[in-house]
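J.: Pasting in a structure now, in structure tokens, and then I'll have a few things to ask.
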């Protein structure tokens, strides 16, 4: 049996190069199909990576801890009353890399005779550096260091004509009494957070300043956390507080990722179908050209199974050569797409702006799997031709050619 397969393999390898043009066309179809599939796979994976990175390095972080009901209906009165104690507990939990407390509420910014409602955001600027990439998203100025330094969203700065180093007056109402309190601040920097709402309305100040303006004491509205994995978030659950990961905080993005996976799977199926039809067409043409050869072999006593085996081995060889060529074509394209990246300035997906270039990413197990799948597809399509070869009648084949 081993000798039979070895002989069939040698014959198959010689046969595919008897018509090099057709062989190269078939191999090119497999190669280009693999190139398209791998590039699309890498870009889709890279887009998902970048989208998640933009989310988790931004306002959402890996997850957030808040008072029950705050996520569904954010209200300045719904707060973690013992914020400092909860924050200290969270920072000491296993698997928590960083945590930052935040306070949010309505406010009013005034400069000269102009004023505008804003989203007051109080953060610990030192802790926030470890949770978000906001320092890298400054479009002007510097990260706040002084007690009266503040950040403002880029769109808000443009609308209010705020300048770095310039003054602004921030006013807010006490949570329980409604009494107004104001503070004069300096614009230390202008930031493009990546969240359209915050870019348009955020006035970001020191945590203690926001707590004083709102008369919250040490209460917090949100604790943003960076964790090793999602299991850590589940461990942070406790009575009197709610924990939500980025998927729960941005369900639209999660749904888009799932829809994207379905769409991509459909696209792969279409590419595979087109490729299969191209291979089938090439093998059918080869069958017509070699009909006399198969008739002679059958007349000489060659069994149909051996002819079918030879056809399948030829298809396997074509698939392997095509995949090897496809990998050679993919390598430089993937190297460029994974290192240089594709700039995506201003591109938003689900309200999240891409702040970095899109870099393709492939998993090598996936590369091997897709290559093997294309070889298997080539052999499977060749099965139709192999079956037709087994039905060849010697006399009929010789008469048809003659």
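Residue numbers (the numbering used here): -5 to 396. Each residue gets a CB set at the ideal place from its N, CA and C atoms; glycine is no exception. Bear in mind that the values here come from a model prediction, so they are computed numbers and not experimental data.
Grouping DSSP H, G and I as helix and E and B as strand, with all else coil, what is residue 54?
T.: In the structure shown, residue 54 sits in coil (DSSP, three-state: anything other than H, G, I, E or B).
J.: Fully enclosed by the segment 52 to 92, which alpha helix (DSSP H) runs are 4 residues long or longer?
T.: Here the runs fully enclosed are 77 to 85.
J.: Can you list, in chain order, the residues of its chain with a C-beta nearer than 7 Å to that of residue 313? Leave out the 5 residues immediately preceding and following it.
T.: Here the set comprises 24, 368, 369, 372, 373.
J.: Whole-angstrom Cβ separation of residue 116 and residue 204, contact assumed at under 8 Å?
T.: Contact holds; Cβ gap of about 2 Å.
J.: So, using beta-carbon positions, are residue 103 and residue 60 closer together than 9 Å?
T.: Against a cut-off of 9 Å, the Cβ pair of residue 60 and residue 103 comes out as no contact.
J.: If we ignore side chains and look at the alpha-carbon of each, how far apart do residue 306 and residue 320 end up?
T.: Cα to Cα, residue 306 sits roughly 21 Å from residue 320.
J.: Nearest to residue 48 by alpha carbon, out of 62, 125, 90?
T.: It is 125.
J.: So if DSSP puts residue 19 in a beta bridge, which residue, or which two residues, is it bridged to?
T.: In DSSP, residue 19 forms no bridge with anything.
J.: Excluding the 5 residues preceding and the 5 following residue 57 in the sequence, name in chain order all residues of the same chain whose CB lies nearer than 7 Å to its CB.
T.: Taken in chain order, the residues that qualify are 219, 221, 227, 237, 238, 239, 240.
J.: How would you write the range of the beta strand (DSSP E) that residue 126 sits in, first residue to last?
T.: That residue, residue 126, is in no beta strand (DSSP E); it is neither H nor E in DSSP.
J.: In the structure shown, what three-state DSSP assignment does residue 354 receive?
T.: Coil.
J.: Quick one: any contact between the segment 178 to 190 and the segment 141 to 152, if contact means 3 or more CB pairs under 8 Å?
T.: The segment 178 to 190, when compared against the segment 141 to 152, does touch it at the 8 Å Cβ threshold.
J.: Using a Cβ-Cβ cutoff of less than 7 Å, which residues in the same chain neighbour residue 128 once the five nearest sequence positions on both sides are dropped?
T.: If we look at residue 128 and ignore the five residues flanking it on each side, its Cβ neighbours are 122, 185, 187.
J.: So, under 8 Å CB-CB, residue 158 and residue 196 are touching, yes? Tell me the CB distance rounded to an integer number of Å.
T.: Contact doesn't hold; Cβ gap of about 16 Å is too wide.
J.: Is it the case that the Cβ atoms of residue 213 and residue 175 are separated by a distance below 9 Å?
T.: No. Outside cutoff.
J.: Give a yes or no on whether the C-beta atoms belonging to residue 379 and residue 280 are separated by under 9 Å.
T.: The answer is yes: Cβ separation under 9 Å.
J.: Quick test of the definition: if touching needs 3 or more C-beta pairs under 8 Å, does the segment 68 to 76 touch the segment 91 to 111?
T.: They touch, by the three-pair rule.
J.: Residue 220 by DSSP, collapsed to three states: which one?
T.: Strand at residue 220.
J.: Excluding five sequence neighbours on each side, which residues of the same chain lie with their C-beta closer than 6 Å to the C-beta of residue 272?
T.: Hits under 6 Å: 23.
J.: Take the Cβ of residue 53 as the centre, count every other Cβ of all protein chains shown within 10 Å, and call the residue buried at 16 or more, exposed below.
T.: Its Cβ being crowded by 16 or more others within 10 Å, residue 53 is buried.
J.: Report buried or exposed for residue 111, applying the criterion of at least 16 other Cβ atoms within 10 angstroms of its Cβ.
T.: Exposed, since its Cβ has fewer than 16 Cβ neighbours within 10 Å.
J.: Take residue 161 as the anchor and find which of 268, 172, 171, 183 has the nearest alpha-carbon.
T.: Considering only alpha carbons, the answer is 183.
J.: Roughly how many angstroms lie between the CA atoms of residue 377 and residue 309, to the nearest whole one?
T.: Straight-line Cα distance between these residues: approximately 9 Å.
J.: Just checking my contact of residue 27 with residue 274 at CB under 8 Å: how many whole Å lie between their CB atoms?
T.: About 13 Å; that fails the 8 Å criterion.
J.: Assuming residue 422 contacts residue 21 (C-beta within less than 8 Å), just tell me the rounded distance between them.
T.: This structure cannot settle anything about residue 422, because the visible part of the chain is limited to -5 through 396.
J.: When burial is assigned at 16 or more other CB atoms within 10 Å of the CB, is residue 66 buried or exposed?
T.: So residue 66 counts as exposed.
J.: For residue 303, is the beta carbon positioned less than 8 Å from some heavy atom of the ligand COA?
T.: Ligands are entirely absent from the displayed structure, and the ligand COA is therefore not among its contents.
J.: Take every Cβ of the segment 35 to 42, pair it with every Cβ of the segment 317 to 334, and state whether three or more of those distances are shorter than 8 Å.
T.: Touching, per the Cβ criterion.
J.: Please say whether residue 156 and residue 150 have beta carbons closer to each other than 9 Å?
T.: Cβ distance < 9 Å, so residue 150 and residue 156 count as in contact.
J.: Shortest alpha-carbon distance to residue 322 belongs to which of 32, 336, 76, 3?
T.: Closest option to residue 322, Cα to Cα, is 32.
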